[in-house]
Each structure stands twice: as C-alpha cells, then as structure tokens.
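Enquirer:
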Amino acid sequence: MACSKHIDTIYKPIDVSHSGQSIEINFELSKRKAGDYQFALLFDKGDDDEMKRRLELFGYIDKEGVITPVSLHLVRNGEVFFDEKINAGGRSWGRSFDYEGRRITTAVREIKTLSLPPGRYSAVITTLEDVPAFNGIQSFVQLIYFNPKI
Numbered sequence: 001m002a003c004s005k006h007i008d009t010i011y012k013p014i015d016v017s018h019s020g021q022s023i024e025i026n027f028e029l030s031k032r033k034a035g036d037y038q039f040a041l042l043f044d045k046g047d048d049d050e051m052k053r054r055l056e057l058f059g060y061i062d063k064e065g066v067i068t069p070v071s072l073h074l075v076r077n078g079e080v081f082f083d084e085k086i087n088a089g090g091r092s093w094g095r096s097f098d099y100e101g102r103r104i105t106t107a108v109r110e111i112k113t114l115s116l117p118p119g120r121y122s123a124v125i126t127t128l129e130d131v132p133a134f135n136g137i138q139s140f141v142q143l144i145y146f147n148p149k150i
C-alpha cells in the first residue's frame with residue numbers, strides 16, 4: 001500500500017438543525033502532509049422526490065440558501081490557530097461517499113479552507129443556531145485536502 005501524500009478525508013455526522021451540536025476532529029500533519037485543507041458541511045440530497053426541495057435549501061454557488069451558522073475552533077500544537085464564527089451558505093459541488101454501509105450523495109457547503117503547516121491539530125465545529133429547515137436531513141462535517149484545479 002502506498003503512503004498517502006495527504007490525510008484521508010474525514011467525515012463526522014452532525015445535526016445542523018439544532019444549536020450547540022459539536023464534533024471534534026484530531027489529526028496530525030507532517031511536513032509532507034501539510035497544505036490546504038477544507039472544512040465543509042455535507043448534506044444528504046435525499047431521493048429523487050426530495051432532492052429538488054433540498055437543493056433549494058442548500059443554495060447554489062451564487063445563492064446562499066438557508067444559512068447554517070457554525071464556529072470553527074482550530075488548535076495547533078496547543079495554541080489557537082483559527083477561531084471564527086462563520087455563516088456558511090450556498091453549495092459548491094456534490095460528493096458521494098460510503099458511510100455505515102450505504103452510499104450517500106451530498107451537496108457540499110464550504111465552512112473554511114485553510115493553509116495548514118505541520119503540527120498536531122484539534123478542530124471543533126459547533127452549530128450556533130437552530131436551523132429547523134434542516135430537520136431530518138443527514139449532515140456531516142468533512143475535512144479534506146483541497147487543491148482545486150482551475
């Protein structure tokens with residue numbers, strides 16, 4: 001098995017419909033694995049009948065949709081590296097992945113992309129408001145190496 005140049009994508013479930021929901025991601029980046037990483041919210045698009053309604057909630061690149069306020073608190077080597085409240089809106093693209101034995105097709109909403117130097121990290125993402133429009137929609141936080149080809 002070859003060594004990965006970057007960390008594997010991490011998915012953590014989170015209920016964005018309720019305030020005060022938190023997830024924590026702990027990871028370490030060597031010099032080789034340092035780079036740009038994106039924290040994002042992923043929302044299950046649902047079946048064909050539900051997808052159109054949900055995509056309106058999620059928004060588009062040029063339309064925010066229903067905002068999901070979150071905080072991103074990132075500690076590197078025991079010191080605060082990033083700490084902001086973010087009104088996440090819109091969606092950039094889609095992503096499918098396997099989770100607990102089933103394939104989930106999601107809309108991706110960026111929280112923040114950061115250039116991360118080597119170090120030990122602990123990230124905590126917390127929902128800041130109730131967002132009832134997202135009741136019943138399976139949601140995740142994703143951490144992924146991010147190098148878009150433009």
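Residue 98 in full-length UniProt numbering is what sits at position 98 of the sequence shown, and the numbering runs on without skipping anything.
Heads up, the beta-carbon is just placed ideally off N, CA and C, and yes, glycines get one too.
1) Just checking my contact of residue 125 with residue 14 at CB under 8 Å: how many whole Å lie between their CB atoms?
2) Three or more C-beta pairs under 8 Å: does that hold for the stretch 33-43 against the stretch 91-109?
3) Can you tell me whether residue 69 is helix, strand or coil according to DSSP?
4) Select from 129, 99, 57, 8 the residue whose C-alpha is nearest the C-alpha of residue 69.
5) Counting along the chain, where does the alpha helix (DSSP H) carrying residue 52 start and finish?
6) Quick check on this structure: which residue in 20, 11, 25, 142 has the alpha carbon closest to the alpha carbon of residue 120?
7) Find the nearest neighbour of residue 67 within the set 140, 16, 38, 88, judged by alpha-carbon distance.
8) Let's test the definition: count the other Cβ atoms within 10 Å of the Cβ of residue 141 and tell me whether it reaches 16, buried, or not, exposed.
9) Under three-state DSSP, which class holds residue 134?
10) In the structure shown, what three-state DSSP assignment does residue 116 receive?
11) Quick check on DSSP: helix, strand or coil for residue 88?
12) Between residue 112 and residue 72, how many whole angstroms is the CB-CB distance? I'm expecting something under 8 Å.
13) Sorted by chain position, which residues of the same chain lie with C-beta nearer than 6 Å to residue 117's C-beta, five sequence neighbours on each side aside?
14) If you draw a straight line from the C-alpha of residue 30 to the C-alpha of residue 53, how long is it?
Expert: With the structure as the only source:
1) For the purposes of this step, residue 125 is taken as residue 125 along the sequence shown, with counting starting at 1. For the purposes of this step, residue 14 is taken as residue 14 along the sequence shown, with counting starting at 1. Indeed they touch by this definition, with Cβ atoms about 7 Å apart.
2) yes
3) Locating residue 69 in the sequence shown gives position 69, counting from the first residue. Looking at residue 69 - three-state DSSP - the assignment turns out to be strand.
4) As a position in the sequence shown, residue 69 is number 69, starting the count at 1. Nearest of 129, 99, 57, 8 to residue 69, Cα basis: 129.
5) As a first step, residue 52 is located in the sequence shown; it is residue number 52 there, counting from the start. Unbroken alpha helix (DSSP H) run through residue 52: 48-58.
6) As a first step, residue 120 is located in the sequence shown; it is residue number 120 there, counting from the start. Measuring from the Cα of residue 120, the nearest candidate turns out to be 25.
7) Residue 67 sits at position 67 when you count from the first residue of the sequence shown. Of 140, 16, 38, 88, the residue nearest in Cα terms is 88.
8) Position 141 of the sequence shown, counted from the first residue, corresponds to residue 141. It is buried - the Cβ of residue 141 has at least 16 other Cβ atoms within 10 Å.
9) Along the sequence shown, one-based indexing puts residue 134 at 134. Helix at residue 134.
10) To locate residue 116, count along the sequence shown from 1; it is residue 116. Strand.
11) Looking up residue 88 in the sequence shown gives position 88. In the three-state reduction of the DSSP assignment, residue 88 falls in the strand class, which pools E and B.
12) One-based indexing of the sequence shown puts residue 112 at position 112. One-based indexing of the sequence shown puts residue 72 at position 72. Residue 112 to residue 72, Cβ: 6 Å. Contact.
13) Your numbering for residue 117 matches position 117 in the sequence shown. Closer than 6 Å at Cβ, skipping near neighbours: 34.
14) For the purposes of this step, residue 30 is taken as the residue at position 30 of the sequence shown. For the purposes of this step, residue 53 is taken as the residue at position 53 of the sequence shown. Straight-line Cα distance between these residues: approximately 42 Å.
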